[in-house]
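Here's the structure we're looking at; comments come further down.
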Amino acid sequence: MPHNMHWNRFLPVCLFIAWCSLIFTIGRSVFTAICRPKKVYGKIFHSLVTMAYGILAMSLFFVSMVPFTVIERKTGNALPHELQSWYNKFQDYHIFNAYGLFRSMTGIDGRPELIIEGAMSTKNPKWKEYEFFYKPGSLSAAPPFVAPHQPRIDWQMWFAALSHYQHEPWLAFFLYRLLTNQPEVLRLIQTNPFPTTPPKQIRVLLYHYNFTTPPSKDYWKRELTNNEWFPTISLESQWFMSYIEQQNMIQITKPLPTSILLDVLRSISNFMNGTMFTWFPVIIALVLVILRRILCTKPHVPVLMKKDNGGYQPVPLKDKTN
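Quick note: the sequence shown uses this note's numbering, first residue 224, plus one each step.
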């Protein structure tokens, strides 16, 4: 299967349709600016303002073609060099942006996932997997319901699987904290296979995950790639510890008042998973709205209608106690 599925050949057609739509919108706006005002100076003023905005819109359209055509090099190379120079001049202002995330599909051969494994011995190690709350890991675990929660560590693990470990320095520090059984880091993981004593060594493998067919009892099937994504490390690995020190990741700092408050909030949030923690205030708000509707609704007061001057006027019912 081609990576772009031949959809990029329609890029010039999309640009042509967008250009025609822009010209039609500008022309209609200019026509409205001329016809709507009744006075001559109003027609002139509104026409000039509309044409100025139209020129600005066309300029934005032309320059934005540079980042837009990144997805198809043939069309991008055919653009005038002046557009590229103008794009470079204004690039620092982020006026023209490319189509950001997921401009290309990454799961054609399966979903890439990093699996972290630890072992208690360096000789004949028996590897055990760390299982996360949301990302694929165990083959028998169904994909959980997440929305609208966005699990940060699970998401970053997926991004790291698309890259190289040298481009993901945070993951090296994450592995270092697993080697020391840091409590704050272990809370990000669903299953810690070494609850009492931290592992002696850790490695990271890259798998490609795919869904199984209905006859299978598992939800996932996976295929191991050729090499380790991150080599086997331990606290005695000199290159690893020197890398941690070079990145200046191990720092002893005095806790700030804000960090103390965040620690308290995190400890409270540990009583429920991220999805429930996200939905909890929404559910509470909905319950309060419903209760307010039920308890604060004013009772309907019946009225009588009497004829007065050819019409009918409402007359409130008198209290029976009077």
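All C-beta atoms, glycine included, are put in the ideal place defined by N, C-alpha and C. Note that the structure is a prediction, hence the values are computed from the model and not measured.
About 31 Å separates the CB atoms of leucine 337 and glutamate 295; that is not less than 8 Å, and the two are not in contact.
Boundaries cannot be given for tyrosine 357, as no beta strand (DSSP E) includes it and DSSP labels it neither H nor E. Beta-bridge pairing by DSSP links arginine 445 to Tyr432. Ranking Val408, Phe319, Ala280 by CA distance to the CA of arginine 375 puts Val408 first.
At the C-beta level, alanine 364 and lysine 423 stay beyond 8 Å of one another.
Here valine 427 carries a strand assignment [DSSP, helix/strand/coil]. Each of Lys346, Lys440, Phe397, Glu459 was checked against the Cα of leucine 362, and the nearest Cα belongs to Lys440. If you compare the alpha carbons of Ile456, Leu518, Met464, Pro504 with that of glutamate 340, the shortest gap goes to Ile456. In the structure shown, leucine 385 falls within a coil segment according to DSSP collapsed to helix, strand and coil. Lysine 351 has its alpha-carbon roughly 20 Å from the corresponding atom of tyrosine 442.
Burial is judged here by how many other beta carbons sit within 10 angstroms of a residue's own beta carbon; alanine 384 has at least 16 and is buried. For the pair alanine 256 and alanine 241, the Cα-to-Cα distance works out to about 22 Å. Note: leucine 485 is not bridge-paired with any residue in the DSSP secondary-structure output.
Put simply, the region 301-320 does not touch the region 417-437. Fewer than three CB pairs are less than 8 Å apart.
Taken atom to atom, the span from the alpha-carbon of phenylalanine 355 to that of phenylalanine 396 is near 17 Å. In the three-state DSSP reduction, phenylalanine 453 falls in the strand class (E or B). In the DSSP assignment, threonine 298 falls outside any beta strand (DSSP E) and within the unbroken alpha helix (DSSP H) covering 296-300. Taking one beta carbon from each stretch, the region 281-301 and the region 313-320 have 3 or more pairs nearer than 8 Å; the two touch. Of the candidates Thr419, Pro437, Trp452, Trp452 places its Cα closest to the Cα of tyrosine 430.
Just measuring C-alpha positions, the residue of Tyr357, Met499, Leu458, Arg515 sitting nearest glutamine 379 is Tyr357.
The beta carbons of alanine 280 and leucine 238 sit no closer together than 8 Å. Per DSSP, the unbroken beta strand (DSSP E) holding glutamine 413 starts and ends at 412-414.
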